[in-house]
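Engineer:
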Amino acid sequence: MGSNSFQLIFFLLLSQLLYFSCIEYRFVSSAGTCIETEKKALLKLKENLTDPSGRLASWTDQENCCQWLGVSCDNKTGNVVKLDLRNQFSRDHELGGAINPSLLELQQLRYLDLSMNNFGGIEVPEFIGALEELRYLNLSGASFSGSVSQFLGNLSNLQVLDLSMYSEKPPENDLEWLRGLSFLEHLNLGGSDLSKVADSWLQSINNHLPSLLELHLPQCQLLNLPYSFPSLNITSLLVLDLSNNAFNSSIFPQWLFSLSNLMHLDLNSNNIFSELPDEFAKLTSLEYLDVSSNYGINGTLKKSLGKLCNLKTLILSYNSISGDITDFIDALSECQSNHLEIFDLSFNELSGNLPDTLGHLRKLKILQLRFNSLTGTIPDSIGDLSSLEALYLTSNKMSGNLTVNIGQLTSLVSLDISDNMWEGIITESHLLNLSNLQEFSVGMTLGKNITLTINISSNWTPPFKLTLLTIQSCQLGPKFPHWLKDQNELTSIIFNTAGISDAVPDWFVELDLKLDNLDMAYNNLTGKVPNKFQYNFLANVELSTNSFEGPLPLWSSNVTTLSLRDNLFSGPIPVNICEALLNLTDLDISKNNLNGTIPSCMGDMNQLTTLALDNNQLIGQFPDFWGKLPYLYWIDMSENHLSGQIPGSLGSLSYLRFLRLSGNNLSGELPPSLRNCTRMISIDLSNNQLSGLIPAWLGETMRSLLILSVRNNRFSGPIPLKICSLSGLHILDLSENNLSGSIPSCFGNLEAFKVELTDAEAGQYQGQLKLEMKGRILYYDTILYLESFDRKYTIGYWKIGMD
C-alpha cells in the first residue's frame, strides 16, 4: 500500500479522534453551573421516564445538573451538550416511559444516547429532528417504533447515527431522508426494513453521504448486491457491514475492490456463491474480513489472499472452500510483518497437511480449523506460536503422533484436537508449559478403535487449572487419573470409553466440584457411588456401562440428564427419589438389576422430557403419574416386569413422540386417550399381554407414525382399514396375535415400505428396536437406518402372521 493511502487513513482517523476528544474536553465540567432552564427541562424529562433501578437518583433540584449521571456541560457556557443515558447493565436497569418535549430546551445538545433501554414501542419523538446541533445520535436497541425518515433528515450537522435494532417491528424505510446528512461519517441501520430500496440502496448511500467512513447495514432485507457501480463517491469508507442479508449473488461486486481504504468488511450470512477472487489483494488496508456462513464460497484459498499483510481477522467458516491452505499460509508468512490474530476456516472442505510455515504467524491467537478433512500431523513449528490462545482441530482426518512442541504454547487456553486419528502416547511433556490451559479435549466421540494412550505420571502436578476436560476413546486407565488431584476448578469432565477399571477415589470426591457435566460411561468403574459425589452435579450425569453397585443413588435436584444404565445397581428405586430429582429433564437408569416398583412421586418431575428405564428388573403396576409431566416426549420402559394396564393419563402427553413398553406383562386394552398423542413417531408394545381390538384411531390421529409394533400380544378382531392412512409407515409388526379376517388390500398402497428412509427420517429412529425376520432376531441401536436390513426381504418392513 502506498504512503499516500496510509496518510489518508491516518488523517481521517486522527481528525475524527481529535474532534470527539475536543468535544469530550468541553463536555466534562464539574466547576461550572448548569443553566437553570436546562436543569428544569431535564427534571421534566425525568418525570416522564420510568427508572426501576434508580439510575437517575442524582437528578435532584439541589444538585448541579452538570454533575448528574449522564449529563455533561460546556466548560465555558454551562450549556448541556451531552446526554448519555445508554443502558450498560441488565434489563433491570432499562429506562422507559415517554420522552418529554422539554428536551428541546437543550438547544446546544450535541450528543444524545438513549440506546439499550426499553421505551415499550412508543414512536420516535419527531421533535428530535429539531435538535439542530446534534452531532451524535444513538437510539439503538431502545424499543421505539415508527419511521424516522420524516424528521431525522433535518439534523444537518449529524456525524454519527446509530438506529440499529431501534424497533422490534421496524417499518419499511426508504433512504431519501439521508439527503440532508452530508456530514454523516458513521451510519448504522442494522435490522431496518430496507426491502423497499433493495435495488437502490447503494445509489442512495453513494449520492447522499460523501463523507461516510462507516456503513453498517446488517439484517436489512437487502436483496441486490450490485456487480458494478459507476462514479463511486464513498471511497473513503473504512468499515462496511452488509451481513445477514438475502443477497443471491454468483460473484463478488467489482465496486467493492475500489474501496482501497477499507479496513473492515463483513459479508457473513448471505447467499454468495463464488470463489474468493484475486481482486481481494487490492484491499491492502484490510484488517478484518468475514464472509462466513454463505455456504457457497467455494474454490481454494488463493495465495493472493495471503498478500493482505495487515489482516488481523479472517473468518471463512461454514462454506465450501476446498484444497489445502499451504499457499495462503506460505504467502502470509512472507509478509515483512504479518498481523493475523484470528483465522477461522471451520466447516469447510479443506484437505492436505498443515505446513511448517504456520509457525511464522507469530501473532496468531485463535486458529479454528474444525470439521474439515485435514490430514497429517501437527507441525513442530506450532511451538513458535507463543501468542496462541485457542487451537481447534476437531473432526478432521489428522493422524500420527502429537508433537511435544504443543507443550510450548504458554498462552494456550483452549486445546481441542478431538475426533482425529491420533496414535502413540501423550505424556506430561505435551502439557508441560501450558500454564494458562483451561479446556482440553482429545479422542473420538464415535467410540472408534483406541489408538491413543494418555500416560501421565501419577505424581505429576499440572501447571494449569482446567475447567473442561474431555478424553474419549483413549486409553487413560486402568487407574483413575491421579494427576487430577489438584484440579478443583473443573466444571465438565468426560472420560468416555477411557479404559478405567478402578473405584472413584476419595480425593476426587473431596474436590467438591460443581459440575455441569459428568460423563464416565463405558468404563469399568467399580464400587458404590459416594454420597457426596452425588450432590455436586448441576446438569448432565452419564455413568452408564460400568460396574457400579449398591442401591440406586440419589442425585441433586439440579440434575437434568441422568444415565446409569448397564451397571450393577440393585434394590428398589428409592421412595424419595422425587425429592432429589424434582428438576430432572432426562433420566436413563436402564439395564440394571433393580427390584421394586417405580414410585409415583416421579410424576413431580414436571420438566421431564425423556424417561428411559428399559432393560431393568422393575416390577409392579405400570405407574400413573403422566398428567404431571407436560413436556415428556420419550418413554422407554421396555424389557422389565411391569404389569397392569396402560393408564389413560398417558394420553395427556401432547408432546409424546416415542413410546416403548415392549417386553413387560402389561394387559388390558389400549386407552382411547392415547389418540391425543398426535405427534407420535414410534410405538413399540410388543411382547406383552395386551388385548382387545387394534384401534382404528391409530391411523386417524397419528399421521406421523413411522414405527408400529404390537407383536406377540392378545389382540383380536380385524385389522382396521385406517392403518392404511399411515402413509409414512416404515415398520409394521402385527404378528403373533389373534387377528382374524383378511389383510387389507390397501396395504399395497403404503409407499413408504418401498423406499429407503431419508436422512431426516433416519435421524428420528433413536433408541433400540428389536425385529424378528425369518427366525432371526435383529437389533438396531442408537440410530436405525432401514437400508441396513437384509435387502432380500424388504427395504421397509411389515409383518402380519407367523413365520
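The sequence shown lines up with residues -22 to -1, 1 to 781 when you count with mature numbering (1 follows the signal peptide of the UniProt record, and there is no 0). We treat Cβ as the ideally placed atom computed from N, Cα and C, and that holds for glycine.
Helix or strand or just coil, what does DSSP make of L187?
Structural biologist: Against the sequence shown, residue 187 aligns to sequence position 209. In the structure shown, L187 sits in coil (DSSP, three-state: anything other than H, G, I, E or B).
Engineer: When you compare each of L63, S470, N78 to H71 by their alpha carbons, which one comes out closest?
Structural biologist: Position 93 of the sequence shown, counted from the first residue, corresponds to residue 71. H71 has its Cα closest to that of L63, out of L63, S470, N78.
Engineer: Just verifying my parser: in three-state terms, what is the DSSP assignment at E527?
Structural biologist: Residue mapping note: residue 527 aligns to position 549 of the sequence shown, counting from 1. Three-state result, E527: strand.
Engineer: Can you tell me where the beta strand (DSSP E) with E192 in it begins and where it stops?
Structural biologist: As a working mapping, residue 192 is identified with position 214 in the sequence shown. It spans 192 to 194 - the beta strand (DSSP E) in which E192 sits, taken as one unbroken run.
Engineer: I'd like to check one pair, Q137 with G168: are the Cβ atoms closer than 7 Å?
Structural biologist: The residue you call residue 168 lines up with position 190 of the sequence shown. The residue you call residue 137 lines up with position 159 of the sequence shown. No, the Cβ-Cβ distance between G168 and Q137 is not below 7 Å.
Engineer: Using the three-state DSSP reduction, which class does C51 fall into: helix, strand or coil?
Structural biologist: What you label residue 51 is simply residue 73 of the sequence shown in a count that begins at 1. Three-state DSSP puts C51 in a strand.
Engineer: Measure the CB-CB distance between E406 and S389 and report whether it falls below 7 Å.
Structural biologist: Along the sequence shown, one-based indexing puts residue 406 at 428. Along the sequence shown, one-based indexing puts residue 389 at 411. No; because the gap between Cβ atoms is not below 7 Å, this pair is not in contact.
Engineer: Under DSSP, the alpha helix (DSSP H) around W675 begins and ends at which residues?
Structural biologist: In the sequence shown, counting from the first residue as 1, residue 675 sits at position 697. Looking at the DSSP string, the run of the alpha helix (DSSP H) that includes W675 is 675 to 679.
Engineer: Near V126, which residues of its chain fall below 7 Å by C-beta distance, leaving aside the five closest residues on each side in sequence?
Structural biologist: The sequence position of residue 126 within the sequence shown is 148, counting from 1. Excluding sequence neighbours, V126 sits near V102, L141.
Engineer: Under 6 Å Cβ to Cβ from Y266, same chain only, skipping five residues before and after it: list those, please.
Structural biologist: The residue labelled residue 266 in the question sits at position 288 within the sequence shown. H242, T291, listed in sequence order.
Engineer: Which one of K492, G354, G421, L521 has the shortest CA to CA distance from Y500?
Structural biologist: Within the sequence shown, numbered from 1, the residue matching residue 500 stands at position 522. It is L521.
Engineer: On the DSSP letters alone, give me the boundaries of the beta strand (DSSP E) that A590 sits inside.
Structural biologist: The residue labelled residue 590 in the question sits at position 612 within the sequence shown. Taken as a continuous stretch (DSSP letters only), the beta strand (DSSP E) holding A590 covers 588 to 590.
Engineer: In this structure, what does DSSP give as the bridge partners for A481?
Structural biologist: As a position in the sequence shown, residue 481 is number 503, starting the count at 1. Beta-bridge pairing links A481 to T504.
Engineer: Any idea if E163 is buried or exposed, counting beta-carbon neighbours within 10 angstroms, 16 or more meaning buried?
Structural biologist: For the purposes of this step, residue 163 is taken as residue 185 along the sequence shown, with counting starting at 1. When all chains shown are included, E163 counts as buried.
Engineer: Can you give the Cα-Cα distance for A476 and S451, rounded to whole angstroms?
Structural biologist: Along the sequence shown, one-based indexing puts residue 476 at 498. Along the sequence shown, one-based indexing puts residue 451 at 473. Cα to Cα, A476 sits roughly 5 Å from S451.
Engineer: Suppose you measure from the CA of I432 to the CA of M422; what does that come to, to the nearest Å?
Structural biologist: As a first step, residue 432 is located in the sequence shown; it is residue number 454 there, counting from the start. As a first step, residue 422 is located in the sequence shown; it is residue number 444 there, counting from the start. I432 and M422: Cα-Cα distance of roughly 13 Å.
Engineer: Can you find the residues in the same chain that come closer than 6 Å, C-beta to C-beta, to L371, ignoring five residues on each side of it along the sequence?
Structural biologist: In the sequence shown, the residue the question calls residue 371 occupies position 393. So the list reads L347, I395, once near-sequence residues are dropped.
Engineer: Roughly how many angstroms lie between the CA atoms of L686 and L363, to the nearest whole one?
Structural biologist: On the sequence shown, position 708 is the one that residue 686 refers to. On the sequence shown, position 385 is the one that residue 363 refers to. Distance between the alpha carbons of L686 and L363: 57 Å.
Engineer: Rounded to a whole number of angstroms, what is the C-alpha to C-alpha distance between K492 and L153?
Structural biologist: Against the sequence shown, residue 492 aligns to sequence position 514. Against the sequence shown, residue 153 aligns to sequence position 175. Spanning the two alpha carbons is a distance of roughly 54 Å.
Engineer: In the structure shown, what three-state DSSP assignment does W400 receive?
Structural biologist: The sequence position of residue 400 within the sequence shown is 422, counting from 1. In this structure, W400 counts as strand in the three-state DSSP scheme.
Engineer: Under a three-way DSSP split, which group does H619 fall into?
Structural biologist: For this step, residue 619 is matched to residue 641 along the sequence shown. Looking at H619 - three-state DSSP - the assignment turns out to be strand.
Engineer: Compute the distance between the beta-carbons of S640 and S621, then report whether it is under 7 Å.
Structural biologist: If you number the sequence shown from 1, residue 640 lands on position 662. If you number the sequence shown from 1, residue 621 lands on position 643. Result no, Cβ atoms of S640 and S621 do not sit closer than 7 Å.
Engineer: Does the CB of Q416 have a neighbour CB from chain B at under 7 Å?
Structural biologist: Here chain B cannot be found, since the structure has a single protein chain.
Engineer: With a threshold of 7 Å on Cβ separation, who are the neighbours of D177 within its own chain once the five nearest residues in sequence on each side are excluded?
Structural biologist: Position 199 of the sequence shown, counted from the first residue, corresponds to residue 177. Here the set comprises N202.
Engineer: Would you tell me roughly how many angstroms separate the C-alpha atoms of N411 and N474, rounded to the nearest one?
Structural biologist: Taking the sequence shown and counting its residues from 1, the one referred to as residue 411 is at position 433. Taking the sequence shown and counting its residues from 1, the one referred to as residue 474 is at position 496. Cα to Cα, N411 sits roughly 26 Å from N474.
Engineer: Per DSSP, G646 is paired with what?
Structural biologist: Locating residue 646 in the sequence shown gives position 668, counting from the first residue. Note: G646 sits in a beta bridge opposite L668.
Engineer: Could you tell me which of N727, L430, Y114, L631 sits nearest to L454, measuring between CA atoms?
Structural biologist: Looking up residue 454 in the sequence shown gives position 476. Comparing Cα-Cα distances from L454 to each of N727, L430, Y114, L631, the minimum goes to L430.
Engineer: Which residues in the same chain as E467 place their Cβ atom closer than 6 Å to its Cβ, once the five residues preceding and following it in sequence are excluded?
Structural biologist: Translated into the one-based positions of the sequence shown, residue 467 becomes position 489. Answer for E467: K443, T445, listed in chain order.
Engineer: Where DSSP assigns a beta bridge to W37, which residues make up the other side?
Structural biologist: Against the sequence shown, residue 37 aligns to sequence position 59. Paired residues: none, contrary to the question.
Engineer: Can you check which of these residues, L195, S214, W179, is closest to P188 by C-alpha distance?
Structural biologist: As a position in the sequence shown, residue 188 is number 210, starting the count at 1. Closest by alpha carbon: S214.
Engineer: From N276 to M399, what distance separates their C-alpha atoms?
Structural biologist: The residue labelled residue 276 in the question sits at position 298 within the sequence shown. The residue labelled residue 399 in the question sits at position 421 within the sequence shown. Spanning the two alpha carbons is a distance of roughly 27 Å.
Engineer: Take the Cβ of F155 as the centre, count every other Cβ of all protein chains shown within 10 Å, and call the residue buried at 16 or more, exposed below.
Structural biologist: The sequence position of residue 155 within the sequence shown is 177, counting from 1. Going by the sequence as given, residue 155 is Trp instead of Phe. Result: buried.
Engineer: Quick one: Cα of E417 to Cα of N226, how far?
Structural biologist: For the purposes of this step, residue 417 is taken as the residue at position 439 of the sequence shown. For the purposes of this step, residue 226 is taken as the residue at position 248 of the sequence shown. Answer to the nearest angstrom: the Cα atoms are 39 Å apart.
Engineer: Around the C-beta of F122, are 16 or more other C-beta atoms found within 10 angstroms, so that it is buried, or is it exposed?
Structural biologist: Taking the sequence shown and counting its residues from 1, the one referred to as residue 122 is at position 144. Under this definition F122 is a buried residue.
Engineer: On a Cα-Cα basis, can you pick out the residue from V420, N414, I212 that is closest to G402?
Structural biologist: Residue numbering aside, residue 402 sits at position 424 when the sequence shown is read from its first letter. For G402, the nearest C-alpha among the options comes from V420.
Engineer: Out of Y205, Q45, S236, point me to the one whose CA is closest to I229's CA.
Structural biologist: The residue given as residue 229 occupies position 251 in the sequence shown. Closest option to I229, Cα to Cα, is Y205.
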